[in-house]
Every structure is written in structure tokens, then in C-alpha cells.
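Residue 37 in numbering that gives the first Met the number 0 sits at position 38 of the sequence shown, with consecutive numbering throughout. Heads up, the beta-carbon is just placed ideally off N, CA and C, and yes, glycines get one too.
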Amino acid sequence: MSEKILFVDDEANVLSALKRQFRKQYAVSTAESGANGLQKIAKEGPYAVIISDMQMPEMNGIQFLQVAQQMAPESVRLMLTGNADQKTAIDAVNKGCVFSFYTKPCAPEIMSQAIEKAIDQYHLITAERELLEGTLNGSVKLLMDMLSMVAPDAFGKTVAIQEMVGKLLNSFDLEDTWNLKLAAMLSNIACVTLPPETLAKTWTNNALSPQEKLMITRLPEVGKNLISNIPRLERVSEIIYYQHKLFSGGGFPENNCSGEDIPQESRILKILHDIEDFKAQGLGVLPALKRMSASHGNYDPNILNEVIRVFSNSENTVMSNTVINTTLNRLQPGHVLAANIESVEGKLLFAAGHKITNTIIERLLNYQQITKLKEPIQVSVNYHNDNSPEAMDVAV
């Protein structure tokens, strides 16, 4: 597939000539103004290379490329100008983040070489991103696998929070939903650092010692420290750090941050964490939200109202759910446990409410090599309005 290139110039004859020259090699788009160029980037981008003239009315080339860099940071930008003074060149590089600078008229062979070099640079940039994303995805998956093995109850809570986030993504004006999704996924990762005895007490509501209470309180800080050194997760670590902060400013961390100064994603996660805590006490989602709405100062009221709206509608999308019996060999990723999975000796392996993953299945298969599991295994299945049974995503 040929790379996409955008030429921006207020001279129509120049654009026609450039399009004729390069249309066989590349997917060429043209724009006769900076404003039109930005529209093209928004609707038809991203482009591998953006080539702009300097002297254009209303919005010059530097102004255009400044905005283009914000909209499409991976695109490689070239500048053409008939006025090759030093200040123009310096501004083009410093403000427009221009990769190369050329004077007009530019010979066809020079322009061709310039585009080839720019495309090579674009490939380097995108390859680095893809490598980083692959490394990041692998790191996150490893952390989640650790959580599912070391703290299965925390993992179950994490899965439920992720699913609630999925229902809410379109409800809030977030700059990047990726940060919220990843923060939800890693929100309980610090539980892997707790001693097994403390972890067990946390999920069975047994009394915690003062030292254990302090450990639980500081989990967001531990989570932040665990992931802050992973590339591109700086924002995610900040969201996790503030995920239990009260809207009024109370709670952890103990600082002056309050209200809308708390990251929006953290304010969302605070509500979802507390929903899960109330569910652990036997409440449904809507009764939990009703109780939370009576608690002033704990939550962002606008976010809480939106969560109530979304989940009230969600209640009406499911007709019924049922419990079916299955075996380990027939257990599938996506099934949700309706009852605990235990060994024949009575040892709890995974609690009711867990969403089954490939990692959990592998762990159970390995465990079965040592001792037997109690079967059948009970899982919940939803029947939606289309009458098709699906594994229950989250009990609302």
C-alpha cells in the first residue's frame, strides 16, 4: 500500500504539478490553504509526509505545521519557501518541527529524494512506536498474569472494573480513553506486594492490624511506583495514585488536591472501586450507587450522576441470567464464576464473581495435576434481548 502524502500550497498550478509527479508512487492529497490542510489531516489522515509552502494567506506554513504537529505528531513535515532567510528556517524547525527545509522552485529529483528520506523517517518513528507498544502490552499482560495468580480476588475485582469502564468510555470527554482503560487494568496491581495473610484478611473482612491498615492505605502509592518507570505509563501511574482520593480532598494521598484538580480518570475509578466494595457486601450496582449518592463529598457529583444514568440503562438491556454447570475441560475465557472453585480438600482457588481467563484455565489445569477440583463448576450466563446466551460480563 502506497504511503499517503499531503501537499499544502495556495498556488493551484503548483499542487497540480506535484500531484502529477507523485501520484503513481504515493497516495497524494492536496490542500490550497492551511485551514483546508488541517481538515484533510482530521478527515483523511494520518499522512506519512506533510509538505507545506511557507507563504500562504491567513495561515502561513509555520502556523499550519505547528497545528499539524499537534494533530498528527508522527507525520514527517517538510517546508517549501521562496524566501530562504535564516529566521524563516529557524522558525520552521523550532516551531513547526520541520524535518527538512527546501527553497522554491525545487527540482523534481530533489523533491523526490526529500520525500523518500521523509518516508524512511516516518517508518522509523512508527516502527519505534509499534515496538514500544508491543513491549508495553507484554509488560501489562505479565503484570495481569501475576495478579491473577498471586491475588485472584483482586484480579476478579479488576476485571469487573474494566468491564464497567468499557460501558462508560463514551460518556466522558477524555483526552485519551487509553489511559483510563489501562489504569483500570492496573488499578489493583499493588496487591501482589501484600503478604498472603494480609491479602486473605482483605477479602474475608477479617480485622486488620494497624500496620496492615497502613499497607492497604498506601497501595495506590505502591502501584504508582510499580508502573511509573514503564514507558508511556506516567499518566496512568498518576491516575492510580489518586484513585481513592475523595472529591472533597480527604483520603489518600494526604495533600491539598481536591475537586477537579484530581485527575478525571481517578474520580471515575473511585466510584467504580466503591461499587465493587458494596457488591462484596451483597448490594447490587444500583443500590450501591443510591447509597453512594447520599454520601456528600466522596465523589464528583457530575460523574456519579452519569454513572447512575449509564448503569440504569444497562439494567434494562439484560432479560435474565442463569447458572449452568460445566467442567474444567469445558471452561472458557469469558465465563463468570457463579460459585467458588475449590479443591476436593476444600481449598479456595477462585472466588465467585471471577471472570475466567486463559491464565486462570492454565493454572487450574496445572493444579489438577496435583489434586482434584470439585466439579461441576458453576458459571453465570446472560440472556440478552436478542435471545443469545453470553457469558455474564458484570452483575448489574
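Straight-line gap, residue i to residue j (C-alpha atoms, nearest Å)
i           : j           : result
residue 375 : residue 156 : 24 Å
residue 15  : residue 240 : 54 Å
residue 321 : residue 193 : 35 Å
residue 270 : residue 81  : 58 Å
residue 12  : residue 62  : 23 Å
residue 3   : residue 58  : 23 Å
residue 113 : residue 38  : 24 Å
residue 282 : residue 122 : 52 Å
residue 359 : residue 236 : 26 Å
residue 396 : residue 109 : Only positions 0 to 395 of the chain appear in this structure, which leaves residue 396 out of reach.
residue 28  : residue 18  : 8 Å
residue 170 : residue 305 : 7 Å
residue 377 : residue 259 : 43 Å
residue 280 : residue 147 : 22 Å
residue 331 : residue 350 : 16 Å
residue 335 : residue 348 : 14 Å
residue 363 : residue 328 : 10 Å
residue 316 : residue 228 : In this prediction, residue 316 has a pLDDT of 48, which is less than 50 and means its spatial position is unreliable; what the coordinates show is noted afterwards. When rounded, the distance between both Cα atoms is 41 Å.
residue 319 : residue 338 : For residue 319, the predicted model reports a pLDDT of 48, less than 50, meaning its position is unreliable and no value from the coordinates is stated.
residue 368 : residue 152 : 23 Å
residue 431 : residue 353 : The requested residue 431 is not part of the displayed model; the chain covers only 0 to 395.
residue 250 : residue 180 : 23 Å
residue 267 : residue 54  : 47 Å
residue 287 : residue 373 : 33 Å
residue 40  : residue 47  : 11 Å
residue 8   : residue 43  : 18 Å
residue 449 : residue 141 : Past the boundaries of the shown model lies residue 449; the chain is included only from 0 to 395, so the question cannot be answered.
residue 257 : residue 143 : 30 Å
residue 297 : residue 272 : 12 Å
residue 302 : residue 26  : 44 Å
residue 300 : residue 222 : 26 Å
residue 224 : residue 111 : 48 Å
residue 202 : residue 34  : 57 Å
Residue i, enclosing beta strand (DSSP E) - first and last residue
i           : result
residue 221 : Not the beta strand (DSSP E): residue 221 falls in the alpha helix (DSSP H), residues 218 to 226.
residue 52  : 48 to 52
residue 58  : Segment: none, residue 58 is in no beta strand (DSSP E) and carries neither H nor E.
residue 100 : 99 to 102
Residue i versus the options, residue with shortest Cα-Cα distance
i           : options               : result
residue 68  : 53, 49, 263 and 101   : 49
residue 5   : 106, 118, 303 and 58  : 118
residue 195 : 150, 360, 176 and 136 : 150
residue 220 : 205, 313, 99 and 243  : 243
residue 274 : 253, 229, 289 and 351 : 289
residue 213 : 356, 238 and 252      : 252
residue 45  : 73, 34, 52 and 56     : 73
residue 380 : 342, 333, 357 and 278 : 333
residue 100 : 162, 31, 190 and 60   : 60
residue 131 : 324, 230 and 33       : 230
residue 154 : 138, 10, 189 and 223  : 189
residue 31  : 52, 22, 224 and 159   : 52
residue 185 : 210, 248 and 233      : 233
residue 326 : 341, 312 and 313      : 341
residue 217 : 187, 202, 102 and 145 : 187
residue 23  : 210, 107 and 1        : 1
residue 159 : 361, 366 and 356      : 356
residue 172 : 262, 21, 133 and 197  : 262
residue 115 : 165, 21 and 199       : 21
Boundaries of the alpha helix (DSSP H) in which residue i is found, first to last residue
i           : result
residue 15  : 11 to 21
residue 5   : Where residue 5 is concerned, there is no enclosing alpha helix (DSSP H), although the beta strand (DSSP E) it sits in stretches over 3 to 7.
residue 186 : Where residue 186 is concerned, there is no enclosing alpha helix (DSSP H), given that its DSSP letter is neither H nor E.
residue 136 : 107 to 149
residue 40  : 33 to 43
residue 239 : 233 to 240
DSSP beta-bridge partners of residue i
i           : result
residue 76  : 49
residue 376 : 325
residue 27  : 4
residue 354 : 335
residue 349 : 340
C-beta neighbour in chain B for residue i, strict 9 Å
i           : result
residue 176 : Checking the listed chains, one finds no chain B in this structure; it contains a single protein chain.
Every unbroken beta strand (DSSP E) inside the region 276 to 346 [3 residues or more]: 317 to 325
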